[in-house]
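Here the sequence shown is numbered in this note's numbering, starting from 28 and rising by one per residue.
Where a beta carbon is used, it is the ideal one built from N, C-alpha and C, also for glycine.
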Amino acid sequence: MSTYAIGDIQGCLDPLLRLLDKIDFDPSHDRLWIAGDLVNRGPSSLATLRYLYSLGNAVTAVLGNHDLHFIAVAYGHKRKGSFDTLDQLLKANDCEELIHWLRHCKLLHSDPTLGYTMVHAGIPPIWDLEQATAHAREVEAVLQSDYINDFLAEMYGNKPCQWKNKLIGNARLRLITNYFTRMRFCDADGLLDLDNKTAVSSGEFLPWFDHPQHACRNERIVFGHWAALEGQAAADNVIALDTGCVWGGCLTALRLEDGKLFRTRCKKN
């Protein structure tokens, strides 16, 4: 049995299937971890989601910003963007079933036996793993509840941009969601810079994993979201899995048992 963590698929089913063939993935005994952004921007969001859903307990996925965006569009709280590729998915007769599955995915998944934690974007330097897990569960509980529409209606926005324990309501949930699904740069106190999407730091804003006193410095973390890193993260304890498949790059899998990387090009040469 092997466990493979895979970066942002974003509806690119053909590269995913080629990658799974390359690693001889067998859902009867192997396991997949998907680091968020299962859908959107790629050509096959519906087929990708149906395939992953069909694998049942062989798949553990965390939610990315594109997955949450899809749910918000489906629930009528956001209009589709000009670059969204969600039409087939939104019109599918099993759309509601697939959304129900996504709503029950996590924002953070941790396996002490394997010694890895998975998130889509990152964990702010002010939270240790116990705190991060607890805050992730706050949002997960709302996504699975009857209050989901209240949350989705207020999910979008860049404020507040720094954690305070006294935050309450949708402002608190929005910031937690932004940390887990949108963060790239922040300062040592968790102040977010959501404008910079490059790989170049600016002033006190460093990649979330680069802060020396990060409370999760001793945790091994796999994450996606940040294609500009091209799979290269400076910290020894983190592995960047978004290698830009949807932009013509690669789809990457990490075998957690031995740290071996596998890649396939988004398009065949």
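In this structure Val-89 is in contact with Met-145, their Cβ atoms being roughly 6 Å apart against a cut-off of 8 Å.
No residue range can be given for Tyr-183, since it is assigned to no alpha helix (DSSP H) and is classified by DSSP as neither H nor E.
Cβ atoms of Thr-208 and His-147 come within 8 Å of each other, at about 5 Å. Taking the Cβ atoms as the reference, Leu-135 lies roughly 13 Å from Ala-168, outside the contact range of under 8 Å. In the DSSP secondary-structure assignment, Asp-285 is not bridged to any residue. Relative to the Cα of Ala-32, the nearest Cα in the group Asp-173, Ser-72 and Gly-142 belongs to Gly-142. Between Ile-153 and Asp-216 the beta-carbon gap is near 6 Å, inside 8 Å, which marks them as a contact. Annotated as distal: Asp-94 and Leu-47, with beta-carbon spacing of 8 Å or more. Burial state of Asp-285 is exposed, judged by a 10 Å Cβ sphere holding fewer than 16 other Cβ atoms. Between Ala-226 and His-104, the CB-CB gap reaches or exceeds 8 Å. Leaving aside the five residues that flank Gly-69 on each side, the residues in its chain whose CB is nearer than 6 Å to its CB run, in chain order, Gln-37, Gly-38, Cys-39 and Val-273. Taking the C-beta atoms as reference points, Glu-165 is found nearer than 8 Å to Ile-203.
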